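Asker: Numbering (the working numbering), first residue to last: 131 to 412. Ideal placement from N, C-alpha and C gives every residue a C-beta, glycine not left out. These numbers come from a predicted model, not from an experiment.
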Amino acid sequence: MNRNEKPILVFQTDFTYAEGAVSSMYGVVKTVDRELEIMDGTHQIPQYDTWSASYRLYQSLPFWPKGTIYVSVVDPGVGTKRRACVARTSDGHYVVSPDNGSLTHLKRYIGIEEVREIDESVNRLKSTRGTSVFHGRDLFGYTAARLASGIIDFEGVGPAYPVEEIVEHPIAEPKISDGKAEGIFEIKDPNFGNAWTNIPLEDFERAGFSYGDTLHVTICHGGEKIFEKDVHFEKTFGFVAISEPIIYNNELMKVSLAVSQGNFCEKYHVDFGPDWTVTFTK
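#1: Assign Pro-228 to one of three DSSP states: helix, strand, or coil.
#2: Using C-beta distances below 7 Å, list every residue in its chain close to Arg-336, excluding the 5 sequence neighbours before and after it, in chain order.
#3: For Gln-142, report the span of its beta strand (DSSP E) as first-last.
#4: If Pro-304 and Asp-268 are in contact, beta carbons under 8 Å, what's the gap, nearest whole angstrom?
#5: In this structure, how does DSSP classify Lys-412 when only helix, strand and coil are distinguished?
#6: Who are Ser-340's beta bridge partners in DSSP?
#7: Take Ile-88 and list the residues in its own chain whose beta-carbon comes closer than 6 Å to its own, dropping the five residues that flank it on each side.
#8: First and last residue of the beta strand (DSSP E) that includes Val-389?
#9: How about Ala-274 and Val-201: are their beta carbons less than 8 Å apart?
#10: By DSSP, does Lys-136 sit in helix, in strand, or in coil?
#11: Which residue wins for smallest C-alpha separation from Ser-340, given the options Ile-296, Asn-379, Tyr-272 and Ile-168?
#12: Label Ala-371 either buried or exposed according to how many other C-beta atoms from any shown protein chain fall within 10 Å of its C-beta, with 16 as the threshold for buried.
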């Protein structure tokens, strides 16, 4: 990154655009430094869902330029003793976020080199000290703007604490054997209704599966069978007829299920979480 270029700020929240929360955060950033560039990740994270916040960071952060400051605010514990922090990842990005599980996937799959707790005595918007319910504006957005503008450096965020103390969600591991792969649906595509498993493509191939195979798929919710069908494993959606299900490799190199020009989750009443299990066999 050019030394004269200020980092991009990218925001993701569960705020939606239904009222003025997002606008207020951006106003604070521009008040600190009108030159700062602000981009949207998403403001449609499911309410209070820190798992989804973590996954969406993992999904998009690696594709932003080194030095980008990502502000992730999904904060059901706002105003409580949960830590407010800035984490520096192993690939040179910064994440400003409550430490409430939202850093899980970055820590696991990318790596976090250092994490600092935001010092609210310095890095908090002074004009709003009477409220503790909008840290996205008063703490996270404000600190991110000060960091991006160069008013503070990373050390100026606040004291470092051990990376091992970062709050993490448990991550389920797939089970792979010859001719069989078992996993869970760890997230879904809310727009197209695709269901993304936790099974990497390389594990799927290790089980003996190849593009062009027809596999037997069983989906259970809490042990109850929801879906059982033979499904084609193909590179992309156009290899099956419209409205037919397909197994494919998604953009994060994880095995997923979709309906060609349809919505798999709606059609088959599938959701995600550790109690949504999926098994593939030949």
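Answerer: In short, the structure shows the following:
#1: Taking the sequence shown and counting its residues from 1, one reaches residue 228 at position 98. When DSSP states are grouped into helix, strand and coil, Pro-228 belongs to the strand group.
#2: Along the sequence shown, one-based indexing puts residue 336 at 206. The beta carbon of Arg-336 is closer than 7 Å to those of Ile-306 in its chain, skipping five residues each way along the sequence.
#3: On the sequence shown, residue 142 is found 12 positions in, with the first residue counted as 1. Element bounds for Gln-142: 139 to 143.
#4: Position 174 of the sequence shown holds residue 304. Position 138 of the sequence shown holds residue 268. Pro-304 to Asp-268, Cβ: 41 Å. No contact.
#5: What you label residue 412 is simply residue 282 of the sequence shown in a count that begins at 1. Judged by DSSP in its simplified three-state form, Lys-412 adopts coil rather than helix or strand.
#6: Position 210 of the sequence shown holds residue 340. DSSP links Ser-340 through a beta bridge to no other residue.
#7: With the chain represented from 131 up to 412, any question about residue 88 goes unanswered, as that position is not in the structure.
#8: If you number the sequence shown from 1, residue 389 lands on position 259. Residues 384 to 389.
#9: Indexing the sequence shown from 1 puts residue 274 at position 144. Indexing the sequence shown from 1 puts residue 201 at position 71. Contact flag set, yes.
#10: By 1-based counting over the sequence shown, the position of residue 136 is 6. Lys-136 falls in the coil class under three-state DSSP.
#11: If you number the sequence shown from 1, residue 340 lands on position 210. The alpha carbon of Ser-340 has as its nearest neighbour, out of Ile-296, Asn-379, Tyr-272 and Ile-168, the alpha carbon of Asn-379.
#12: Locating residue 371 in the sequence shown gives position 241, counting from the first residue. By the 10 Å Cβ count, Ala-371 comes out exposed.
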